[in-house]
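Protein chains in written order, with the numbering used here: chain Z, 9 to 501; chain Y, 170 to 598; chain C, 22 to 561.
The beta carbon of each residue, even a glycine, is placed where N, CA and C say it ideally should be.
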Ligand SMILES: Cc1cc2nc3c(=O)[nH]c(=O)nc-3n(C[C@H](O)[C@H](O)[C@@H](O)COP(=O)(O)OP(=O)(O)OC[C@H]3O[C@@H](n4cnc5c(N)ncnc54)[C@H](O)[C@@H]3O)c2cc1C
Ligand code: SF4
Ligand code: SF4
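In structure tokens, the structure reads:
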């Protein structure tokens with residue numbers, strides 16, 4: 009580095025020394041992909057193994073760089089990885105090895121670039137399934153999704169907020185390498201495997217759970233270089249049901265009844281626009297499909313596993329049917345205008361080709377947060393008010409309700425879709441979402457994943473949390489090299 | 170045995186705190202889960218059964234000294250025994266109740282005396298009763314009743330009224346009713362009148378074990394002198410003294426012993442007592458500590474390692490008198506019994522025991538009020554018990570708190586059902 | 022440091038009856054014989070004990086400690102040596118006046134509780150609304166808040182109700198400087214329904230597999246997840262423990278299963294987890310049952326080799342499994358699956374509901390975990406080889422390792438004979454991962470037993486490292502120093518968290534952030550060498 013300290017070419021050289029010249033780029037074209045709605049990064053580095061990442065972070069400390077880790081392929085939509093000017097993008101999407109799968113212990117050890125499709129392909133032949141969010145984009149990283157605490161579609165497997173993430177190796181902003189959960193040591197991974205371990209305990213080591221501060225941190229604390237994720241058995245019998253309703257209250261009532269005893273597998277609620285958009289190729293088809301749908305559709309599945317799978321489905325069908333009766337809803341076996349196969353794909357597969365949100369009109373804004381099922385109607389009212397104020401057509405707002413933590417709370421997501429060429433619509437959606445976030449937060453919406461502008465909304469409400477988070481940030485990233493300006497860390501670094 | 174002799178019991182305490190709770194499979198609510206009045210009211214661990222033992226351990230280990238504060242903690246305790254029952258759910262090697270008694274004896278031995286208790290002991294010495302009322306007037310309560318003079322007229326059954334029934338004017342009708350009830354069943358009954366004396370149980374619990382023994386000797390010889398073959402008492406304290414304490418002190422009464430609830434059950438069973446009148450009431454039953462867990466018979470003293478003591482020699486509180494009063498209640502037409510949450514071996518104390526009523530009346534009243542709340546929570550109209558100490562403190566608590574709850578002695582309800590009395594103003598006449 | 026001044030301020034704050042510095046009263050907090058390897062069994066005596074009744078009072082207590090250079094150590098029920106002071110200037114904060122169930126949100130399945138609500142209370146109230154709470158294996162006398170925020174958290178019901186730490190939603194936390202930190206939704210909107218975020222989750226610095234044991238402040242309220250309870254809202258039981266009598270509630274199933282060998286047992290356990298049928302599952306051995314149910318008999322057959330080996334070998338792999346089904350149909354299905362799995366693995370299943378007295382005796386000991394404190398019956402005390410949990414296979418191996426270690430000590434009469442194989446073996450979350458600790462019984466009054474405690478501890482620690490397990494008593498400063506370098510130097514982070522949240526070091530944090538060396542004098546040098554060897558072998 010001597011003599012060239014601070015210069016871009018010097019930096020490039022130093023980085024190339026770590027990861028190889030082909031894995032560093034400053035081509036504008038390539039960099040634009042990462043910029044998103046943020047500023048232009050200076051460089052992108054593409055490490056291929058964990059040791060390089062640690063070196064990179066140490067270098068960043070020496071050189072006062074700002075590293076922005078990215079694991080999924082483009083587009084980078086939530087703003088967690090939108091860089092500040094001059095940042096160095098650490099693109100981990102090339103680290104895509106599945107290091108280990110273990111049928112007996114239902115676990116996979118993967119690198120950050122591994123996508124849902126890739127992992128599914130690897131584990132399904134073993135009789136396992138991947139716990140995943142609803143219709144992730146094709147190049148979405150499994151680890152990134154888990155680190156963002158994206159909700160999975162099977163609430164009964166979402167015991168705690170960090171599911172399905174188990175153990176990780178993380179390079180903290182300090183450059184130190186740490187392993188969390190039962191992977192922490194003693195022993196190398198190989199030694200642990202030899203003793204019958206499988207890196208399945210997400211807790212610890214010892215008296216802290218540092219993985220939890222890495223999760224949700226949008227790359228501000230460190231870089232995860234591998235992780236284990238929990239897998240579940242692939243059902244041997246499976247049936248899908250639809251509750252088509254205009255009264256959301258009934259669907260909520262039903263959800264409480266069946267989530268508590270863990271009767272359903274996949275379980276989610278979509279309004280007609282969200283459902284139609286997910287199942288179609290664009291806004292026009294969506295509009296046609298939406299017309300045929302009930303205002304809200306609750307989709308659930310029942311499953312049978314290795315032993316007497318049909319019998320499991322059969323008794324559950326009766327028990328769940330009784331709950332439906334009490335809630336005043338009628339389970340149906342199909343929805344109009346869509347072959348069942350499409351719905352199964354929607355539940356089971358990542359998007360093939362373009363991300364579904366992009367398919368609708370090209371551009372979109374979304375707003376999501378955590379609330380409880382019984383608070384959803386109140387949130388709908390608040391959102392309804394905002395939509396009215398902004399004259400956004402209500403019927404063209406997607407609503408997705410995903411129960412989490414066995415139904416104790418839920419992810420509530422609104423999607424606004426527009427033509428990106430239509431600057432007015434984009435600006436309108438932007439303004440609407442900003443206002444909605446504030447109003448919804450006032451009504452108790454919890455922005456647990458505060459991307460971009462939501463950070464202000466979320467953190468202005470919890471100054472004590474901010475203080476503690478800054479303490480943690482100082483501890484793990486004392487040089488402030490990790491993804492500056494995000495969350496509540498504006499003044500840090 | 171001296172405090173020192175309980176070292177192994179004391180250092181056996183694991184500090185699990187089970188002694189602060191109703192045995193866990195009987196915890197039915199948040200509200201009524203606690204069992205120990207002392208620590209529930211005062212909160213410092215020292216007030217629990219465990220805490221008192223640890224203070225004892227600390228003292229015998231030379232780590233701390235007995236002083237006024239420690240003495241007061243030791244005595245702010247009804248000696249209700251709920252801690253002992255709860256501890257014994259898990260432990261074979263700790264006799265918590267014995268340690269509590271030994272602690273008090275230790276206080277007395279060390280001259281750490283509670284002034285109010287000294288008055289009681291003086292009264293006992295002077296007048297043979299805990300109130301210091303004239304000895305000669307002990308039999309006044311029975312004036313005009315159709316009973317034999319036990320000393321001389323050789324009744325088959327000796328009725329022992331106990332100090333409180335003998336002297337408490339407010340309870341006079343109750344005890345008289347009990348006697349009328351027995352007589353109506355044709356029981357050949359006598360009382361010792363002015364010759365009756367305290368059973369000595371109270372003195373024992375206050376730590377004056379020597380005094381207690383004198384009263385026991387006195388009682389034994391009096392019973393012998395009457396020639397009665399059966400002893401019935403309406404007082405639970407006395408019953409526990411006769412059934413547990415006397416054998417523990419090596420005293421043999423040599424008669425069949427009954428608490429009045431047991432005797433009524435027997436009479437009813439034999440068809441001698443006919444409970445026919447309807448008493449339409451929703452009632453709940455309070456198990457007096459001394460009738461319940463504390464009356465459990467003495468099982469002998471085990472000298473060796475208590476971890477190896479046969480279970481038959483472990484007092485668990487299960488063998489107290491629980492069924493007899495319930496059976497009598499259930500046999501009264503019209504009575505419907507609803508149970509409180511804390512019953513039988515894990516019943517909450519009335520608050521009066523262990524010298525608390527005398528020394529710390531506000532704590533006693535608090536304890537009683539807690540029980541009244543529990544009774545009210547059952548929806549019962551009346552709280553029924555069978556001990557003059559419980560009866561007295563509950564009636565006072567109801568008056569004090571204005572609770573809408575009647576308080577009866579079981580004999581009062583039986584009397585009415587037997588057609589020998591009417592209920593008036595919350596008592597039987 | 023002004024103890025006198027602080028005591029005066031405590032009295033002013035809390036009233037005389039809620040503060041004490043009477044030596045005998047303080048000794049009630051210094052007597053901590055459980056999980057205390059020090060033969061003396063007294064820990065340090067606090068300089069005062071205080072009984073706050075609200076979060077504000079807790080804050081003020083902590084501030085007084087900060088002002089006067091004192092440390093504080095809080096607890097909820099106070100069972101176990103980790104509750105006692107480790108410094109000379111500690112104020113014991115006994116939280117028993119904070120005893121309310123603030124709220125049960127039946128729909129969203131959580132309860133908000135204060136520290137001195139115990140497991141039995143919370144369960145009784147939860148069941149009334151068709152819910153249940155996780156109760157740790159120590160028993161229902163323990164505080165669910167303490168386990169979730171500050172202690173460990175395994176219980177017989179972990180297969181259905183997880184680990185205490187994972188059951189947290191919102192948390193109210195008085196930091197060691199007296200400020201309040203509210204986690205998750207609580208900090209933002211005053212609601213309790215989520216404990217993580219916004220952004221990074223501060224639950225991550227609050228605790229790990231073990232809690233901070235009061236070393237990071239005082240938890241005053243928390244929301245805990247509740248779980249489905251399809252059984253009766255109130256339990257009709259006569260009797261207080263082993264004498265219990267009850268009817269079998271509707272849709273409850275209860276089986277004892279026996280497997281021929283370790284492989285069959287482990288394979289079957291994996292299958293059972295995947296079948297998602299169990300409500301409660303605890304694998305142990307006959308030694309585990311009989312030392313608590315018939316301790317006297319047990320001590321009589323000590324060293325009677327033939328009887329011993331007969332019992333050990335016949336009933337070694339025993340699994341108790343409870344079903345709480347939502348319908349008769351579901352129960353029938355669960356039972357059918359169980360039978361199929363057991364049969365497939367060469368075992369047999371005994372339907373305990375058909376043996377009413379046995380059922381009555383054991384039902385609450387499972388559902389409410391009422392039985393564990395009986396473990397004191399055999400020798401008066403016990404300890405446990407407790408190590409980091411992971412895949413079931415690793416735990417099944419651990420069981421054998423500790424059994425072997427124990428056999429040696431039993432043969433020498435240095436611990437009691439509980440047949441050596443005495444595991445507490447519990448899968449979490451349908452066997453996502455699994456727990457196995459192995460209990461050993463001793464009589465603390467027997468000098469031979471007392472002398473063996475340290476060597477056993479060391480043997481177990483060596484074995485744990487060898488097996489790539491973090492000994493779960495990493496709260497012990499000696500273990501921390503030994504293990505931290507093998508596990509990412511976690512101690513360094515804990516120390517940083519401690520400094521960050523506790524600038525004046527007012528919390529008694531020995532069990533959270535201190536490090537110490539083992540005292541190897543008196544320990545045979547071969548053992549010490551072996552320890553050094555395994556430490557070297559297990560670095561990554
Ligand atoms: C016999 C026995 C068996 C056990 N078995 C198990 C078991 O099966 N599973 C299991 O998980 N654990 C077990 N434990 C350990 C247990 O987890 C802890 O003792 C404890 O968490 C249980 O709750 P408690 O109410 O007794 O907590 P306490 O004893 O009150 O406290 C436990 C620890 O947390 C701290 N603490 C408590 N409350 C607070 C608070 N509000 N704020 C800050 N710090 C606090 C205390 O200082 C102490 O260090 C066992 C312990 C014993 C003694
Ligand atoms: S129940 Fe017994 S062992 Fe437990 S704390 Fe109380 S006295 Fe000690
Ligand atoms: S005897 Fe009663 S009041 Fe006294 S410590 Fe025991 S339970 Fe508490």
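{"Item": "Beta-carbon spacing of residue 501 of chain Y, residue 582 of chain Y below 8 angstroms", "Value": "yes"}
{"Item": "Residue 29 of chain C: contacting residues in chain Z (beta-carbon distance under 7 angstroms)", "Value": "What residue 29 of chain C touches in chain Z: nothing, since even the nearest Cβ is about 30 angstroms away."}
{"Item": "Distance, residue 494 of chain C Cα to residue 226 of chain Z Cα", "Value": "33 angstroms"}
{"Item": "Unbroken beta strand (DSSP E) run spanning residue 278 of chain C, endpoints", "Value": "273-280"}
{"Item": "Chain-ordered residues, beta carbon under 7 angstroms from a heavy atom of ligand 2", "Value": "Y:181, Y:182, Y:183, Y:184, Y:185, Y:186, Y:187, Y:188, Y:217, Y:218, Y:219, Y:222, Y:252, Y:255, Y:256, Y:259, Y:260, Y:263, Y:265"}
{"Item": "Residue 258 of chain Z and residue 336 of chain Z closer than 8 angstroms at C-beta", "Value": "yes"}
{"Item": "Within 8 angstroms, strictly: CB atoms of residue 377 of chain Z and residue 420 of chain Z", "Value": "yes"}
{"Item": "Beta-carbon proximity list for residue 355 of chain C, same chain, < 7 angstroms, skipping 5 on both sides", "Value": "274, 298, 344, 346"}
{"Item": "Identified DSSP bridge partners for residue 462 of chain C", "Value": "C:403"}
{"Item": "Backbone secondary structure at residue 111 of chain C - three-state DSSP", "Value": "strand"}
{"Item": "Residue 159 of chain C: CB within 7 angstroms of a non-hydrogen atom of ligand 1", "Value": "yes"}
{"Item": "For residue 286 of chain Z, the first and last residue of its enclosing alpha helix (DSSP H)", "Value": "280-286"}
{"Item": "Given 8 angstroms, three or more beta-carbon pairs between the region 116-129 of chain Z and the region 443-459 of chain C", "Value": "no"}
{"Item": "Through-space distance from residue 53 of chain Z to residue 183 of chain C, alpha-carbon basis", "Value": "41 angstroms"}
{"Item": "Proximity test, residue 250 of chain Y beta-carbon vs ligand 3 heavy atom, cut-off 7 angstroms", "Value": "yes"}
{"Item": "Proximity test, Cβ basis, 8 angstroms: residue 495 of chain Z and chain C", "Value": "yes"}
{"Item": "Near ligand 3: residue 405 of chain Y beta-carbon under 7 angstroms from a heavy atom", "Value": "no"}
{"Item": "heavy atom of ligand 1 below 7 angstroms from residue 584 of chain Y C-beta", "Value": "no"}
{"Item": "Interface flag, residue 376 of chain Z vs chain C, CB-CB below 8 angstroms", "Value": "no"}
{"Item": "Other residues of its chain near residue 10 of chain Z: CB distance less than 7 angstroms, five sequence neighbours each side excluded", "Value": "Unreliable placement is indicated for residue 10 of chain Z, whose pLDDT of 38 sits below 50; the coordinate value is still reported in the next sentence. Excluding residues within five positions, none has a Cβ falling inside 7 angstroms."}
{"Item": "Beta-carbon proximity check, residue 456 of chain Y vs residue 516 of chain Y, cutoff 8 angstroms", "Value": "yes"}
{"Item": "Beta-carbon separation (whole angstroms), residue 319 of chain Y vs residue 361 of chain Y, contact threshold 8 angstroms", "Value": "5 angstroms"}
{"Item": "Nearest neighbour of residue 340 of chain Y, chosen from Y:571, Y:394, Y:563, Y:586 [CA to CA]", "Value": "Y:563"}
{"Item": "Pairwise C-alpha distance: residue 497 of chain Z and residue 475 of chain Z", "Value": "10 angstroms"}
{"Item": "Segments assigned alpha helix (DSSP H), at least 4 residues, entirely inside the region 481-531 of chain C", "Value": "498-504, 511-522"}
{"Item": "Cβ-based neighbour list, residue 394 of chain C, same chain, cut-off 6 angstroms, excluding 5 preceding and 5 following", "Value": "160"}
{"Item": "heavy atom of ligand 1 below 7 angstroms from residue 116 of chain C C-beta", "Value": "yes"}
{"Item": "Endpoints, beta strand (DSSP E) assigned at residue 550 of chain Y", "Value": "First-last for residue 550 of chain Y: undefined, no H or E at that position."}
{"Item": "Residue 39 of chain C Cβ short of 7 angstroms to ligand 3 heavy atom set", "Value": "no"}
{"Item": "Buried versus exposed call for residue 15 of chain Z [16 or more other C-beta atoms within 10 Å across all chains shown]", "Value": "exposed"}
{"Item": "Within chain Y, partners of residue 41 of chain C - CB distance below 9 angstroms", "Value": "213, 215, 238"}
{"Item": "Spatially closest choice to residue 471 of chain C from C:449, C:271, C:444, C:437, by CA coordinates", "Value": "C:437"}
{"Item": "Counted within 10 angstroms of its Cβ, other Cβ atoms place residue 180 of chain Y as buried (16 or more) or exposed", "Value": "buried"}
{"Item": "Cβ-Cβ distance between residue 503 of chain C and residue 236 of chain C below 8 angstroms", "Value": "no"}
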